[in-house]
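This report concerns only the one structure given below.
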Amino acid sequence: MPEKYKVAIVNYLNTKPFIEGIRSHPICDLIELIECSPAKCASLYLEHEVDISLVPVGALIGQPFERISDYGIASDGPVSSVCLFSQVPLEEIKTIYLDYQSRTSVMLVRLLSQEYWHIRPNFVQASAGYEQNLSGAEAGLIIGDRALKVKHKYPYVYDLGEAWQSMTGLPFVYAVWLAREETDLDFLKAFNEALSSGVESIPTQVSQWNGPEGCDLVNYFAQNIRYKLDPSYDEGLKTFLRLIEEKVLKGAPAYTEAL
17 MPEKYKVAIV NYLNTKPFIE GIRSHPICDL IELIECSPAK CASLYLEHEV DISLVPVGAL
77 IGQPFERISD YGIASDGPVS SVCLFSQVPL EEIKTIYLDY QSRTSVMLVR LLSQEYWHIR
137 PNFVQASAGY EQNLSGAEAG LIIGDRALKV KHKYPYVYDL GEAWQSMTGL PFVYAVWLAR
197 EETDLDFLKA FNEALSSGVE SIPTQVSQWN GPEGCDLVNY FAQNIRYKLD PSYDEGLKTF
257 LRLIEEKVLK GAPAYTEAL
């Protein structure tokens, strides 16, 4: 067993229950917690730099994987923090700027554009600050806390979690917990206890958390974000991975920069 397990977790508001659960559990003494972007969580895990990671599911396409927890980040309808923002309606969008911190949502917006919205925009990898400068026929895929901050700035907001459910009738999974095969089973049991305690404490803790101005955190955690992944979420995840391979990646130019 290592002196400390390196654990990567997304540094967004929606992981606050996991972080609080870990920090308030005795297992915290065995963990070096690394908070970073979703894309970084994926690369750290795939490059064997961490023992456990909350991995965006877009990084798992075509790869075998096994979740080590019944917890993750998901939605069953509107997610509120993964949205397409624009000054114009969908049918007038010519360019979509893709969030530079994202893996999963980049592929999801490509899939929805092709199979649900039936639009053919140009996709452009964005850089820091792009969410403040969208104009004309441009749209921006914005995720995480930044999406919550700009929600009232743009007249047209398309929630990707809501669109996915409308298209498939299924919930959507954004990230799952993965661990190295050699990770101690007793440690993983305690780790899951920490995640569970954090999620269960949301109703009593949410009033103490700070969110973007104008964001109703009680509603966000109660109505938008789902943490416990039951079998319907597994079905949603499998469907997403299959559709990406069949519809987005097969026979199409690979957009790898933000994947």
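Numbers 17 to 275, taken from our numbering, label the letters of the sequence shown in order.
Cβ coordinates follow ideal geometry from the N, Cα and C atoms, glycine included.
With 16 other Cβ atoms within 10 Å as the buried cut-off, status of residue i
{"i": "Asp-202", "result": "exposed"}
{"i": "Lys-205", "result": "exposed"}
{"i": "Pro-137", "result": "buried"}
{"i": "Cys-13", "result": "Missing from the structure shown is residue 13; the chain here goes from 17 to 275 and no further."}
{"i": "Lys-254", "result": "exposed"}
{"i": "Leu-41", "result": "The displayed chain sequence assigns His, not Leu, to residue 41. Classification for His-41: buried."}
{"i": "Gly-177", "result": "buried"}
{"i": "Asp-45", "result": "exposed"}
{"i": "Asp-277", "result": "Residue numbering for the chain in the displayed model covers 17 to 275; residue 277 lies beyond these limits and cannot be assessed."}
{"i": "Ala-24", "result": "buried"}
{"i": "Ser-143", "result": "exposed"}
{"i": "Gly-78", "result": "exposed"}
{"i": "Ser-129", "result": "buried"}
CB of residue i within 8 Å of CB of residue j, strictly
{"i": "Leu-124", "j": "Trp-180", "result": "yes"}
{"i": "Val-192", "j": "Val-71", "result": "yes"}
{"i": "Leu-76", "j": "Leu-257", "result": "yes"}
{"i": "Leu-157", "j": "Gly-252", "result": "no"}
{"i": "Ala-90", "j": "Tyr-190", "result": "yes"}
{"i": "Met-183", "j": "Tyr-249", "result": "no"}
{"i": "Asn-27", "j": "Glu-63", "result": "no"}
{"i": "Ile-109", "j": "Ala-55", "result": "no"}
Identity of the residues DSSP links to residue i by a beta bridge
{"i": "Gly-93", "result": "Looking at the DSSP assignment, Gly-93 forms no beta bridge with any residue, so it has no partner."}
{"i": "Trp-133", "result": "For Trp-133, which the question treats as bridged, DSSP gives no partner whatsoever."}
{"i": "Val-189", "result": "Ala-90"}
{"i": "Ile-158", "result": "Cys-99"}
Beta-carbon proximity list for residue i, same chain, < 7 Å, skipping 5 on both sides
{"i": "Arg-162", "result": "Glu-147"}
{"i": "Ile-159", "result": "Ser-97, Val-98, Asp-115, Gln-117, Ser-118 and Ser-121"}
{"i": "Leu-127", "result": "Leu-259, Ile-260, Lys-263 and Val-264"}
{"i": "Val-166", "result": "Phe-101, Glu-147 and Ile-158"}
Cutoff 8 Å; reference residue i; Cβ partners in own chain excluding five residues on either side
{"i": "Tyr-87", "result": "Phe-34, Trp-193, Asn-208, Leu-211, Ser-212, Val-215, Tyr-243, Lys-244 and Leu-245"}
{"i": "Tyr-170", "result": "Phe-101, Ser-102, Gln-103 and Leu-150"}
{"i": "Thr-199", "result": "Tyr-21, Asp-67, Ile-68 and Ile-84"}
{"i": "Glu-82", "result": "Leu-194"}
{"i": "Ile-297", "result": "This structure leaves residue 297 out entirely; the chain is present only between 17 and 275."}
Residue-chain proximity (residue i, chain B), Cβ-Cβ < 8 Å
{"i": "Glu-198", "result": "As a matter of chain content, chain B is missing from the structure shown, which is built from one protein chain."}
Three-way DSSP call (helix, strand, coil) for residue i in this model
{"i": "Gln-148", "result": "helix"}
{"i": "Leu-275", "result": "With a pLDDT of only 36 at Leu-275, under 50, the local geometry of the prediction cannot be trusted, and the value read off the model is given with reservation. In the structure shown, Leu-275 sits in coil (DSSP, three-state: anything other than H, G, I, E or B)."}
{"i": "Pro-269", "result": "Only weak support exists for where Pro-269 lies, its pLDDT of 45 falling under 50; the coordinates are left without a value."}
{"i": "Phe-139", "result": "strand"}
{"i": "Tyr-113", "result": "strand"}
{"i": "Cys-57", "result": "helix"}
{"i": "Pro-72", "result": "strand"}
{"i": "Arg-242", "result": "strand"}
{"i": "Ser-102", "result": "strand"}
{"i": "Glu-107", "result": "helix"}
{"i": "Val-122", "result": "helix"}
6 Å CB neighbourhood of residue i in its chain, flanking five on each side removed
{"i": "Leu-164", "result": "Ser-97, Pro-228 and Cys-231"}
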